[in-house]
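Participant:
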Amino acid sequence: MTEESADIELRGKEASLRARLRELESLLVAYSGGIDSAYLAWMAHQVLGDRMLAVIADSASLDRSHYRDAVAFAEEQGIPLRTVETRELEQEAYAVNDANRCFHCKDELFTVLEAERGRLGFGAVAYGLNLDDKKDFRPGQRAAVGHQVAAPLADAGLTKAEIRALAKEAELRVWDKPASACLSSRIEYGRRVTPEALRMVEEAEGALRGLGLRNFRVRHHGSVARIEIAEEELAKALNVSFFHDLSRAVRAAGFHYVAVDCDGYRSGSMNELLPLEALTAAPRAGMEKR
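Going by the working numbering, the sequence shown opens with residue 170, and the numbers climb by one from there.
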């Protein structure tokens, strides 16, 4: 595909997104501050004005620095924002941390947002699913389907790279923001999600950001922290002095041992050890015990 034809295709997808948002008429956007939900909230505000509202769910699994940045971005862009509290950690089905943890998280989120939608008189709820997400193991998508949550970015056929390109074109500072899944996604499946485990991950990742890392993960394996560092940052990290700094920073968060993953950072690495039956099991929104 030539550069010109790629641009024509992207313009068409952008027009499709605008048209889809106009169809929805009024909208609550499930907003986390990541590139997908941030771009969706920004575009919804461009199209719908005060007939949209971004809603961020605050809970123990949301990194405080990510929360502050999400609020700051909405303020910078004049996007109306509301914070609601979700209580997924109080649900046993979520806390046991099996392969469907993300389903129970999103089921809680969309239940709360649906109540807000009805209370405030908005027509629909939408979230930032993109076309690439459909290829990955994401149980939360099943919850979205069960709650009839709209996915305007995916409907328009937009990939992650295309969303970044459009956000950069719009001069949105989040255009190259690294992916920022919830803190619970760092905890190995089968290990209970607790406030203490989330605190350890949050403090360790905050310390590594302080050392200059940008795209990485701290994976919680009990007493062991497994550090994944993006390939483009590995060269900076692979020296004895940095390793000593990294180890001290992560141990200070409560881990006893620190390991650097030779394969580097990759999204969804915790899914690599899941058996096939776990990847295909599908609880239905509203049917499980809450």
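All C-beta atoms in this analysis are idealised placements derived from N, C-alpha and C, irrespective of residue type, glycine included. Since this is a predicted model, take the numbers as computed values, not measurements.
Please state whether DSSP places residue 200 in a helix, a strand or coil.
Facilitator: As a working note, residue 200 is residue 31 in the sequence shown. Residue 200 falls in the coil class under three-state DSSP.
Participant: Between the Cα of residue 299 and those of 385, 331, 217, spot the shortest distance and give me the residue it belongs to.
Facilitator: Taking the sequence shown and counting its residues from 1, one reaches residue 299 at position 130. Checking every option, the nearest Cα to that of residue 299 belongs to 331.
Participant: Looking only at its chain, what residues have a beta carbon closer than 6 Å to the beta carbon of residue 400, apart from the 5 residues adjacent to it on each side?
Facilitator: As a working note, residue 400 is residue 231 in the sequence shown. 433.
Participant: Taking the alpha-carbon of residue 196 as reference, which of 204, 202, 214 has the nearest alpha-carbon?
Facilitator: Within the sequence shown, residue 196 is the residue found at index 27, counting from 1. Among 204, 202, 214, the Cα nearest to that of residue 196 is on 214.
Participant: In three-state terms, what does DSSP make of residue 432?
Facilitator: In the sequence shown, the residue the question calls residue 432 occupies position 263. Coil at residue 432, not helix or strand.
Participant: From the DSSP secondary-structure annotation, give me the bridge partner or partners of residue 507.
Facilitator: The chain is shown from 170 up to 459; residue 507 falls before or after that span and cannot be answered.
Participant: Between residue 323 and the rest of its own chain, which residues show a CB-CB distance below 8 Å, the 5 nearest in sequence each way excluded?
Facilitator: Position 154 of the sequence shown, counting from 1, holds the residue named residue 323. Same-chain partners within the cutoff: 298, 299, 300, 302, 303.
Participant: Work out the CA separation of residue 231 and residue 372 for me, nearest whole Å.
Facilitator: Within the sequence shown, residue 372 is the residue found at index 203, counting from 1. Within the sequence shown, residue 231 is the residue found at index 62, counting from 1. Straight-line Cα distance between these residues: approximately 12 Å.
Participant: What residue from 386, 219, 261, 172 has the CA that sits closest to residue 350's CA?
Facilitator: Numbered from 1 along the sequence shown, position 181 holds the residue referred to as residue 350. Closest option to residue 350, Cα to Cα, is 386.
Participant: Of all the options 327, 264, 376, 211, which has the alpha carbon lying nearest to the alpha carbon of residue 421?
Facilitator: Counted from its first residue, the sequence shown places residue 421 at position 252. Closest option to residue 421, Cα to Cα, is 376.
Participant: Residue 204: beta carbon under 6 Å from a heavy atom of the ligand HEM?
Facilitator: The ligand HEM is absent from the structure shown, which contains no ligand whatsoever.
Participant: With which residues is residue 426 paired in a DSSP beta bridge?
Facilitator: Locating residue 426 in the sequence shown gives position 257, counting from the first residue. Answer is 393.
Participant: Taking all protein chains shown into account, decide if residue 425 is buried (16 or more other Cβ within 10 angstroms of its Cβ) or exposed.
Facilitator: On the sequence shown, residue 425 is found 256 positions in, with the first residue counted as 1. That one is exposed.
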